[in-house]
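Asks:
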Amino acid sequence: MNEKILIVEDEKKLADVMSLYLKKEGYEVAVAYDGSSGEKLILEENYSLIILDVMMPGKDGWSLLRKIKAKDNTPVIITTARGEEEDRIFGLELGADDYMVKPLSMRELVLRVNLRINSKTLTKDQSINLGSMKIDEMKREVSENSISISLTPKEFDLLLFLCENPNQVFKRDQLLDKVWGYDFGGDTRTVDTHVKNLREKINFCSSNLKTIWGVGYKLEII
């Protein structure tokens, strides 16, 4: 498989069990048992996916998540004993790709890892051009009138999904499922925040990313 995964988890027994299950799936696995060691590996190596605990000695998971997303777009699965709604929203808005609450199911963890690994590789060597906006899928870059636009990883993912499914109305919870891959249990504020950001950053979205009142959103392409 040749996909390398990093586990940053201060519960050594749990980290070792996760490593064992993922190695059985054919993954190459590196483990850090505290935040400082995790930070060193994150900065020095490249990984296909990172499993990141939130509460750790040395460096907490939130600070490491910021460093990961500042470096590249490596998928990150957050794990924590805290399942509060605000924590989930905060982590996903920082760029986390998935969120699991402890105690973990190893079968579910392996499934989520497999889904992320299989979906992260883009095979289409093409760009999407809509009016003055251009999206380069391989480079994960967006420009408008040839001017580069800085988007967060999740802003890019949301924009790409809507562009690949134009003129379709999506409920907020559908967008959470399709883009974030995690069921918020009904809270949809993070979708509204990301839509607002896209409208502010991209003129095309300001005009074409429509709110369907009482339902959700659609990207209108005539």
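For reference, each letter of the sequence shown is one residue, going 1 to 222 in UniProt numbering.
Beta carbons: idealized from backbone N, C-alpha and C, even for Gly.
Since the model is a prediction, treat every value here as computed from it, not as a measurement.
Given a cut-off of 7 Å on the beta-carbon distance, is the pair Ile202 and Glu141 in contact?
Replies: Walking along the sequence shown from the start, residue 202 turns up at place 202. Walking along the sequence shown from the start, residue 141 turns up at place 141. Not a contact, by the Cβ cut-off of 7 Å.
Asks: State the Cα-Cα distance for the pair Tyr27 and Asp98, rounded to the nearest angstrom.
Replies: As a position in the sequence shown, residue 27 is number 27, starting the count at 1. As a position in the sequence shown, residue 98 is number 98, starting the count at 1. Roughly 19 Å separates the two Cα atoms.
Asks: Take Lys218 and list the residues in its own chain whose beta-carbon comes closer than 7 Å to its own, dropping the five residues that flank it on each side.
Replies: In the sequence shown, the residue the question calls residue 218 occupies position 218. The residues are Asn167, Gln168, Val169, Phe170, Lys210 and Ile212.
Asks: For the UniProt domain "Response regulatory" (4-117), list the alpha helix (DSSP H) runs that are entirely contained and at least 4 residues long, ordered along the chain.
Replies: Entirely contained in the UniProt domain "Response regulatory" (4-117), the alpha helix (DSSP H) runs reaching 4 residues are, in chain order, 12-24, 35-44, 61-71 and 85-93.
Asks: Do you know how far the Cα of Val195 is from the Cα of Asp34?
Replies: Locating residue 34 in the sequence shown gives position 34, counting from the first residue. Locating residue 195 in the sequence shown gives position 195, counting from the first residue. Approximately 35 Å between the Cα atoms of the pair.
Asks: Once the 5 residues before and after Arg189 are set aside, which same chain residues still bring their CB inside 7 Å of it?
Replies: Position 189 of the sequence shown holds residue 189. Contacts found: Ile89.
Asks: Within its chain, find whatever has a CB closer than 8 Å to the CB of Thr193; leave out the 5 residues flanking it on each side and keep chain order.
Replies: In the sequence shown, the residue the question calls residue 193 occupies position 193. Around Thr193: Glu93.
Asks: Taking just the CA atoms, how far does Gly38 sit from Pro57?
Replies: The residue given as residue 57 occupies position 57 in the sequence shown. The residue given as residue 38 occupies position 38 in the sequence shown. Between Pro57 and Gly38, the C-alpha separation is close to 11 Å.
Asks: Within the continuous beta strand (DSSP E) that includes Leu219, where are the two ends?
Replies: Numbered from its first residue, the sequence shown carries residue 219 at position 219. Unbroken beta strand (DSSP E) run through Leu219: Gly216 to Leu219.
Asks: Suppose you measure from the CA of Leu111 to the CA of Ser105; what does that come to, to the nearest Å?
Replies: Position 111 of the sequence shown, counting from 1, holds the residue named residue 111. Position 105 of the sequence shown, counting from 1, holds the residue named residue 105. Approximately 10 Å, taken between the alpha carbons.
Asks: Is Gly216 buried or exposed, if buried means 16 or more other CB atoms sit within 10 Å of its CB?
Replies: In the sequence shown, the residue the question calls residue 216 occupies position 216. Answer is buried; the Cβ neighbour count reaches 16.
Asks: Just to confirm my understanding: we take Arg116, look at its own chain, exclude 5 residues before and 5 after, and list those with CB closer than 8 Å. What are they?
Replies: Along the sequence shown, one-based indexing puts residue 116 at 116. Counting only Cβ-Cβ distances below 8 Å, and skipping sequence neighbours, we find Leu49, Pro75, Ile77, Asp97, Asp98 and Gly181.
Asks: So what's Glu164 in DSSP terms, helix, strand or just coil?
Replies: Residue 164 sits at position 164 when you count from the first residue of the sequence shown. Reduced to three states, the DSSP call for Glu164 is helix.
Asks: So is Ile42 buried or exposed if we call it buried at 16+ other beta carbons inside 10 Å?
Replies: If you number the sequence shown from 1, residue 42 lands on position 42. By the neighbour-count rule (16 or more Cβ atoms within 10 Å), Ile42 is buried.
Asks: Of all the options Met133, Lys59 and Glu25, which has the alpha carbon lying nearest to the alpha carbon of Val8?
Replies: For the purposes of this step, residue 8 is taken as the residue at position 8 of the sequence shown. Among Met133, Lys59 and Glu25, the Cα nearest to that of Val8 is on Lys59.
Asks: Note down the Cα distance separating Leu198 from Val17, rounded to an integer number of angstroms.
Replies: Counting from one through the sequence shown, the residue named residue 198 turns up at place 198. Counting from one through the sequence shown, the residue named residue 17 turns up at place 17. Their backbone Cα atoms lie some 40 Å apart in a straight line.
Asks: When DSSP builds the beta bridges, which residues end up paired with Leu158?
Replies: Translated into the one-based positions of the sequence shown, residue 158 becomes position 158. Leu158 pairs with nothing; no bridge assigned.
Asks: Verify whether the separation of the beta carbon atoms of Pro153 and Gly95 is less than 7 Å.
Replies: Here the question's residue 153 lines up with position 153 in the sequence shown. Here the question's residue 95 lines up with position 95 in the sequence shown. Yes, these two residues count as a Cβ contact at 7 Å.
Asks: Any idea what DSSP makes of Glu141, helix, strand or coil?
Replies: The residue you call residue 141 lines up with position 141 of the sequence shown. Looking at Glu141 - three-state DSSP - the assignment turns out to be strand.
Asks: Taking the alpha-carbon of Ser146 as reference, which of Leu130, Leu159, Leu160 and Phe156 has the nearest alpha-carbon?
Replies: Along the sequence shown, read from residue 1 onward, the residue named residue 146 stands at position 146. The residue with the shortest Cα to Cα distance from Ser146 is Leu130.
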